[in-house]
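Asker: There's a structure below that I have some questions on.
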Amino acid sequence: MSKYYITTPIYYPSSNLTIGNAYTSVIADCLARWHRMLGEEVLFLTGTDEHGQKLQQAAEKQGLTPKTFVDYMVKSDVLRLWQLMDISNDRFIRTTDDFHVKAVQEIFQKLYDQGDIYLGTYRGHYCTPCESFWTDSQLVDGMCPDCHRPVVEMQEECYFFRMSKYQDRLLAYYEQHPDFIQPESRMREMVNNFLKPGLEDLALSRTSFNWGIQVPFDPKHVIYVWLDALTNYLTILGYPEKTADYDKYWPADLHLVGKDIIRFHTIIWPIILMALDLPLPKQIFGHGWLLVGGDKMSKSKGNVVDPHVLVDIFGVDAVRYFLLREIQFGQDGNFSGEALINRINSDLVNDLGNLLSRTLAMVEQNFPQGLPEERATGDFDQELAAQADKAFTEATAHMEKLKLSAALESIWTYIRRANKYIDETQPWVLAKDEASKPRLAAVLYNLCDSLRRVSILVAPFMPATSREIDRQLGLERSEVQENCQGLPWQEAGKANLYPAGLVPQRGEALFPRIKLDETLSLMDRKARERSNTLADMKEADFAALRKGADVDELLHQ
Ligand code: MSP
127 MSKYYITTPI YYPSSNLTIG NAYTSVIADC LARWHRMLGE EVLFLTGTDE HGQKLQQAAE
187 KQGLTPKTFV DYMVKSDVLR LWQLMDISND RFIRTTDDFH VKAVQEIFQK LYDQGDIYLG
247 TYRGHYCTPC ESFWTDSQLV DGMCPDCHRP VVEMQEECYF FRMSKYQDRL LAYYEQHPDF
307 IQPESRMREM VNNFLKPGLE DLALSRTSFN WGIQVPFDPK HVIYVWLDAL TNYLTILGYP
367 EKTADYDKYW PADLHLVGKD IIRFHTIIWP IILMALDLPL PKQIFGHGWL LVGGDKMSKS
427 KGNVVDPHVL VDIFGVDAVR YFLLREIQFG QDGNFSGEAL INRINSDLVN DLGNLLSRTL
487 AMVEQNFPQG LPEERATGDF DQELAAQADK AFTEATAHME KLKLSAALES IWTYIRRANK
547 YIDETQPWVL AKDEASKPRL AAVLYNLCDS LRRVSILVAP FMPATSREID RQLGLERSEV
607 QENCQGLPWQ EAGKANLYPA GLVPQRGEAL FPRIKLDETL SLMDRKARER SNTLADMKEA
667 DFAALRKGAD VDELLHQ
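For what it's worth, my numbering labels the leading residue of the sequence shown as 127, then goes sequentially.
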């Protein structure tokens, strides 16, 4: 059985995660579910990046130790958000986990022993929010080139990593593996902006704060947070021990990252792996950003979108659908309440929801005991079946290329074709004439079978909706491979597998229609309420933690 190892970045738990962070995890989740559905042995990893000056400062601001602070943020926010978003990660790593700390120290020691790390003096600039060092020439107008915020001057004793030594090998690797970085344009960016001008050795330790993993032989230094963070993809497998997990899953198939951190994953990370003499991940995909009104989300701009509010109003699958549909492969996408509501009403209510409710209402009315075996084929059946096959072929091809939005487009072409089939075959006319019953049975059967196939196709994108479609169709789910209705993938998509005689269980509409203006004001109100409640709750919790309360007890875990 083939394996598929997919990772998200590990998130900073310094403040509550946003819909932008949720976007990264939802893409990874969709890909993980898709590969599970194909029958592959999937390892889907996510986690938290808990060291560094930014976290130390955030904890100090609350009068807490960094560890108490991150424990609270991870348990009260990150883990709950992934539960809310239906994220099906197999493992969760925290960089404060003992096994990780030990492994990072061993990696540092190994690189030092083999001469890839040396002690020197660092002179330059540090951007605290980005946890990044910059040289004079990299600054833009004296500011951090990534986030455009002020940097701090630094001069300190520091361990360096000989990145420059590996530069040519990395360039050659890119050339030999043109698919290594996706989208392709990002590879050119890395080559032109970083590799061609020449790599500088990387400052790999700090002495000005202490919330980090200590250099094993020189404990006044803590290890640079990005070395600590990137290695999570390996340490979770037990590395440096050669474990069964390591043998099975390394190299990773896909590191999914936002475009802001692609440099770390396509330059620093491969070079660390080369120095460790390990194979490189097969692919790194830098997705675009989710913007609000064309702008980056930020607390200072007050435009941060809280995923909890959206899920509360629209349900998790509508939010997942929007994220996966609205943002094209590798590009930026824009979030607005209006765009979200329009998508829900057109794609989910009109197209998918209607197809299910119209079909099941007619089955219930005409064949309350279930659809009979006696069915008469007729016009349009072929076209509908052909569109289904096309949807499976196209969606598979798009998913392989990580084009999730395009895959949804192909699936929706099929859903719309099925709705058109209802208009063409006019089952309400067939229902009036007893002699047309076999034809009516066939039309409704084809629709139920289409819905069964649609349910398989949408399962990785909207898992709960897929389960609900199956439930209403009267289909039983296998626990083992629930997304494929208990069938191997190659079988599941084939036509005519809906068992005749099943009695559908028509239920609520899959998605209620949303009133635009009313809901936009509701979103505003709920966002304000949640932001106030969250602030009060955190204040009270931090006060309790300062007095020595236990994080788990506080959060009732
Ligand atoms: N801790 C580092 C990653 C270390 S991985 C070895 C980090 N964390 S982060 O919490 O700041 O960001 C995590 C992910 O969220 C990144 O992929 C980032 O691109 C993504 N996003 C945060 N806001 C985003 C949007 N508004 N839109 C899309 N994704 C963005 O970086």
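Glycine residues also receive a C-beta, built at the ideal position from the N, C-alpha and C atoms.
Going by C-alpha distance, which of Gly633, Gln188 and Ile362 is nearest valine 489?
Answerer: That would be Gly633, whose Cα lies nearest to the Cα of valine 489.
Asker: Hey, is aspartate 432 close to ligand 1, as in C-beta under 8 Å from one of its heavy atoms?
Answerer: No, the beta carbon of aspartate 432 sits no closer than 8 Å to any heavy atom of ligand 1.
Asker: In angstroms with no decimal places, state the Cα-to-Cα distance between valine 606 and glutamate 166.
Answerer: Note that valine 606 scores 44 on pLDDT, short of 50, meaning its location in the model is unreliable; the coordinates nonetheless yield the value given after this. Straight-line Cα distance between these residues: approximately 13 Å.
Asker: Tell me, which residues are paired with methionine 525 by DSSP?
Answerer: Its beta-bridge partners do not exist; DSSP assigns none.
Asker: If you drop the 5 nearest sequence neighbours on each side, which residues of the same chain put their C-beta closer than 8 Å to that of tryptophan 337?
Answerer: Answer for tryptophan 337: His177, Gly178, Gln179, Leu181, Gln182, Ala185, Pro192 and Val348, listed in chain order.
Asker: Find the nearest neighbour of serine 141 within the set Phe195, Val442, Ala229 and Ile439, judged by alpha-carbon distance.
Answerer: Among Phe195, Val442, Ala229 and Ile439, the Cα nearest to that of serine 141 belongs to Phe195.
Asker: Indicate the three-state DSSP secondary structure (helix, strand or coil) for methionine 199 in the structure shown.
Answerer: Residue state, collapsed to three classes: helix.
Asker: Is it buried or exposed, aspartate 305, if we count other Cβ atoms within 10 angstroms and call 16 or more buried?
Answerer: Exposed: under 16 other Cβ atoms inside 10 Å.
Asker: Let me check understanding here. Comparing Cα to Cα, which of Tyr138, Ser214 and Val204 lies closest to valine 152?
Answerer: Among Tyr138, Ser214 and Val204, the Cα nearest to that of valine 152 belongs to Ser214.
Asker: The alpha helix (DSSP H) spanning serine 657 covers which residue range?
Answerer: Its alpha helix (DSSP H) spans residues 642–672.
Asker: Quick one: residues in its chain with C-beta nearer than 7 Å to the C-beta of lysine 527, no 5 flanking neighbours on either side, listed in chain order?
Answerer: The answer is none, since no qualifying residue turns up.
Asker: Is DSSP giving asparagine 492 helix, strand or coil here?
Answerer: Of the three classes helix, strand and coil, the one that applies to asparagine 492 here is helix, per DSSP.
Asker: Round the Cβ separation of isoleucine 541 and valine 580 to the nearest angstrom and send it over; I've been treating them as touching at under 8 Å.
Answerer: Indeed they touch by this definition, with Cβ atoms about 6 Å apart.
Asker: Rounded to whole angstroms, what is the Cα-Cα separation between glutamine 495 and cysteine 574?
Answerer: Spanning the two alpha carbons is a distance of roughly 15 Å.
Asker: Less than 8 Å between C-beta atoms, sequence neighbours within five positions excluded: which residues of the same chain meet that for aspartate 678?
Answerer: Cβ neighbours of aspartate 678 beyond the five flanking positions: Lys201.
Asker: Specify the secondary structure class of glutamate 315 as computed by DSSP and reduced to three states.
Answerer: Of the three classes helix, strand and coil, the one that applies to glutamate 315 here is helix, per DSSP.
Asker: If you compare alpha carbons, which of Tyr131, Tyr300 and Ala355 is closest to aspartate 379?
Answerer: Checked all of Tyr131, Tyr300 and Ala355; the closest Cα to aspartate 379 is Tyr131.
Asker: I want to know whether the region 412–427 touches the region 549–565 - three or more CB-CB distances under 8 Å.
Answerer: As far as the Cβ criterion goes, the region 412–427 does not touch the region 549–565, which means the pair count is below three.
Asker: Does the beta-carbon of alanine 184, which I'm using as the reference point, lie nearer than 8 Å to any heavy atom of ligand 1?
Answerer: Incorrect: alanine 184 has no Cβ contact closer than 8 Å to ligand 1.
Asker: Any chance the region 284–293 sits against the region 322–333, with 3 or more Cβ pairs inside 8 Å?
Answerer: As far as the Cβ criterion goes, the region 284–293 touches the region 322–333, which means the pair count is three or higher.
Asker: What residues in its chain sit with their C-beta under 8 Å from that of isoleucine 439, if we drop five residues either side in the sequence?
Answerer: Counting only Cβ-Cβ distances below 8 Å, and skipping sequence neighbours, we find Thr645, Leu648, Met649 and Lys652.
Asker: Quick check: the Cα distance between tyrosine 138 and glycine 600, rounded to an integer number of angstroms?
Answerer: The straight-line gap from Cα to Cα measures roughly 43 Å.
Asker: DSSP state of tyrosine 685, grouped into three classes?
Answerer: Shown here, the chain extends from 127 to 683; a query on residue 685 therefore has no answer.
Asker: What are the partner residues of isoleucine 136, as DSSP defines its beta bridges?
Answerer: The partner list for isoleucine 136 (beta bridge, DSSP) reads Gly173.
Asker: At which residue ranges does the region 147–194 contain complete beta strand (DSSP E) runs of 3 or more residues, listed in the order of the chain?
Answerer: Whole beta strand (DSSP E) segments, 3+ residues: 167–174.
Asker: Can you tell me whether serine 334 is helix, strand or coil according to DSSP?
Answerer: Serine 334 falls in the coil class under three-state DSSP.
Asker: Which of the three DSSP states, helix, strand or coil, is assigned to valine 606?
Answerer: Any answer about valine 606 is weak, because its pLDDT of 44 lies below 50 and its placement is not dependable; what the coordinates show is given next. Valine 606 falls in the coil class under three-state DSSP.
Asker: Could you pull the DSSP bridge partners for histidine 274 from this structure?
Answerer: In the DSSP output, where bridge partners are listed per residue, histidine 274 has none listed.
Asker: Taking the straight line between their C-alpha atoms, what separation do you get for tryptophan 554 and proline 309?
Answerer: Rounded to whole angstroms, tryptophan 554 to proline 309 spans 48 Å at the Cα level.
Asker: If we ignore side chains and look at the alpha-carbon of each, how far apart do tryptophan 538 and leucine 482 end up?
Answerer: Cα-Cα distance, rounded: 14 Å.
Asker: Does the region 512–522 come close enough to the region 587–598 to have 3 or more Cβ pairs within less than 8 Å?
Answerer: No, they do not touch.
Asker: Taking the Cβ atom as the reference point for each residue, do arginine 249 and methionine 280 lie within a distance shorter than 9 Å?
Answerer: Cβ distance < 9 Å, so arginine 249 and methionine 280 count as in contact.
Asker: Use the C-beta contact count for glycine 146: other C-beta atoms within 10 angstroms, 16 or more gives buried, fewer gives exposed.
Answerer: Buried, because 16 or more other Cβ atoms sit within 10 Å of the Cβ of glycine 146.
Asker: Enumerated in chain order, which unbroken segments of the beta strand (DSSP E) with a length of 3 residues or greater are wholly contained in the region 238–309?
Answerer: Whole beta strand (DSSP E) segments, 3+ residues: 243–253, 258–260 and 278–287.
Asker: Do you know how far the Cα of cysteine 156 is from the Cα of threonine 133?
Answerer: Their backbone Cα atoms lie some 12 Å apart in a straight line.
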